[in-house]
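Protein chains in written order, with UniProt numbering: chain A, 1 to 140; chain B, 1 to 140; chain C, 1 to 140; chain D, 1 to 140.
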């Protein structure tokens, strides 16, 4: 990992303790950095009705939007889980990445052992659905 | 509104500008106060795939959890929308309230004209699903 | 239970076996009847990413819409779970009920022991969010 | 398109009329075929609270599970939208595909003009999250 990635890794690893995961006992955390160098973190937040669960990556991105971050784009997003391989983001989170991150921006998947792998958003969700698709469909 | 409610109303109203709602053009914001007097805010965050949209109330509650807020319970949650009557929280948000807020805790529904109505969480989602239900069902 | 309710109860109880719940081991089923007397069933369908889970009640209502059922309204909806009290519908399902069922229509909550309790949609999700709210908000 | 694909295309195109999409005015439909040759269809089903929206692909897969279809695997899934290019499935639907379809199974993306493109599930959601990941994480 380079210096920025190492900083996000430390932030996310430390943040695992704030995960709310009484149903899966599976802690996940995320940290992102914007172009201006600001950082935001996230944890998974479960619910007794499983469908209302929010993942760590989405918590971090929602945090960034909620802070008025939209004009300061996300440059990279790191995710950490206590898994046997670098954790995989779920499809719902890939969809939210595709809404808010440039196709070529970096997503770093890691585990608590420090293993990691890099993807771009476009590699994680190729041929993704866009605002333009919905406009095309609605105008016909 | 009492003083605490007025403070949450001002916070939430000011925060409407951070709503990400390019699909509905419908801005919603929320603000909550914990027992120790800390405040957290939220906005609605939409997605080109509508099902990945997150509401303002959930953004605020996720923000509080993400900040390690669990030991400092939510005392009241205020929601504001640019509606003709005080805004109604959707069922998904009521479910997340029932996970994290006491049944008797206060939810204040408001609109940009300053009209408001008070509910308890239990009034908004009576006879709610709990962790105990899931344990009962799974152990049989 | 009256005759229609007993028929829905039998349908839903028999349907529990089709639940896909490898993560919670918590089986839920639902059955609904339309004004013309047609019936539709549903089960909970979980996902390794908990947030993509779909509940039984929603599966049944989606089934009805998907079959072109909209012109033939839902008269009553029954839910069954292997719980210690009649099962409670989650907030997300209450929201979908409020979209597709009249406020006074009946929801029967049951468990595998045959205990049951009746609610109206309006009792389960009072002061609910509507299409009108979203139009009001977007037009300002 | 081959014969099976053409049959799914006709089924899905005819089914667009059952879409419930009063908020986006964007109709989507899906059709799938199992190994034994059975077919199931789906439409998008929106909600005034956008986050409760269900996509066409998920409706079709939930339909198949709900019918006890699990022992008869999905061989191919076709999606159609009134778009300017073959429609893209959202990330949430890709996640549900990864739960229920083999990595090499076929997803055919089409539009109402009859344009189409073929993907495998693994191409749509590479390095996907699995039940094994969640077990690894929870057991530590």
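The beta-carbon is built from N, C-alpha and C at its ideal position, and this holds for glycine as well.
Just so we're clear, the structure is a prediction, and the values are computed from it rather than from any experiment.
Problem - Buried versus exposed call for residue 10(D) [16 or more other C-beta atoms within 10 Å across all chains shown] - result: exposed
Exercise for the section: Taking only beta-carbon positions, decide if residue 37(C) is within less than 8 Å of chain D. Expected result: no
Exercise for the section: Starting from residue 92(A), find everything on chain B with Cβ-Cβ shorter than 7 Å and list it in chain order. Expected result: 52
Practice task
Say whether chain D places a C-beta atom closer than 8 Å to the C-beta of residue 25(A).
Solution key: yes
Exercise for the section: Taking only beta-carbon positions, decide if residue 46(A) is within less than 8 Å of chain C. Expected result: yes
Problem - residue 7(A) - DSSP class collapsed to helix/strand/coil - result: helix
Handout entry: Beta-carbon proximity list for residue 94(C), same chain, < 7 Å, skipping 5 on both sides
Key = 124, 125
Handout entry: Within the region 21-101 of chain C, ranges of the beta strand (DSSP E) (whole runs, at least 3 residues)
Key = 28-34, 39-43, 74-81
Handout entry: Rounded separation between residue 80(A) and residue 134(A) - CA only
Key = Approximately 33 Å, taken between the alpha carbons.
Problem - Rounded straight-line distance, which links the Cα of residue 116(A) to that of residue 84(A) - result: 11 Å
Handout entry: Selection of the region 2-32 of chain A by Cβ proximity to chain C, strictly under 8 Å
Key = Listed by position, the residues of the region 2-32 of chain A near chain C (Cβ gap below 8 Å) are 23, 24.
Handout entry: Cβ of residue 49(C) within 8 Å of any chain A Cβ
Key = Residue 49(C) has a beta carbon lying within less than 8 Å of a beta carbon in chain A.
Problem - Three-way DSSP call (helix, strand, coil) for residue 134(A) in this model - result: helix
Exercise for the section: Can you say whether residue 3(B) is buried or exposed, counting buried as having 16 or more other CB atoms within 10 angstroms of its CB? Expected result: exposed
Problem - Cβ pair residue 51(C), residue 66(D) closer than 8 Å - result: No. Outside cutoff.
Practice task
Reducing DSSP to helix, strand and coil, say where residue 143(D) ends up.
Solution key: Because chain D spans 1 through 140 in this model, residue 143(D) falls outside it and cannot be assessed.
Practice task
Please work out which residues of its chain come closer than 6 Å, Cβ to Cβ, to residue 61(D), disregarding the five sequence neighbours upstream and downstream, and give them in chain order.
Solution key: 96, 100
Problem - Minimum C-alpha distance to residue 90(B) - residue among 137(B), 121(B), 23(B) - result: 121(B)
Handout entry: residue 106(B) (DSSP reduced to helix, strand or coil)
Key = strand
Exercise for the section: Find the nearest neighbour of residue 38(B) within the set 14(B), 56(B), 68(B), judged by alpha-carbon distance. Expected result: The candidate whose alpha carbon is nearest that of residue 38(B) is 68(B).
Practice task
Please confirm if residue 34(C) has its CB atom under 8 Å from at least one CB of chain D.
Solution key: With 8 Å as the cut-off, residue 34(C) does not count as an interface residue toward chain D.
Exercise for the section: Would you give the residue range spanned by the alpha helix (DSSP H) that residue 115(C) belongs to? Expected result: For residue 115(C), no alpha helix (DSSP H) run applies, since DSSP gives it neither H nor E.
Handout entry: Min CB distance residue 134(C) to chain D below 8 Å
Key = yes
Practice task
Tell me whether residue 57(D) is buried or exposed, calling it buried when 16 or more other Cβ atoms sit within 10 Å of its Cβ.
Solution key: buried
Handout entry: Alpha-carbon to alpha-carbon, residue 77(D) and residue 64(D)
Key = 12 Å
Exercise for the section: Quick one: list the residues of chain C neighbouring residue 79(D), beta-carbon separation under 7 Å, in chain order. Expected result: The premise fails here: residue 79(D) is roughly 14 Å from chain C at the closest Cβ pair, so nothing lies under 7 Å.
Exercise for the section: Out of 104(B), 12(B), 36(B), point me to the one whose CA is closest to residue 72(B)'s CA. Expected result: 36(B)
Exercise for the section: Express the C-alpha separation of residue 112(A) and residue 8(A) in angstroms, rounding to a whole number. Expected result: 13 Å
Handout entry: 7 Å Cβ cut-off: residues of chain A touching residue 95(D)
Key = 90, 91, 92
Practice task
Tell whether a beta-carbon distance below 8 Å holds between residue 49(B) and residue 129(A).
Solution key: Taking 8 Å as the cut-off, the beta carbon of residue 49(B) is found closer than this to the beta carbon of residue 129(A).
Exercise for the section: Could you check the C-alpha separation between residue 110(D) and residue 6(D) for me, to the nearest Å? Expected result: 11 Å
Problem - Rounded C-alpha distance that separates residue 105(D) from residue 16(C) - result: If you take the alpha carbons of residue 105(D) and residue 16(C), they lie about 28 Å apart.
Handout entry: For residue 13(C) and residue 20(B), the rounded distance between their alpha carbons
Key = 43 Å
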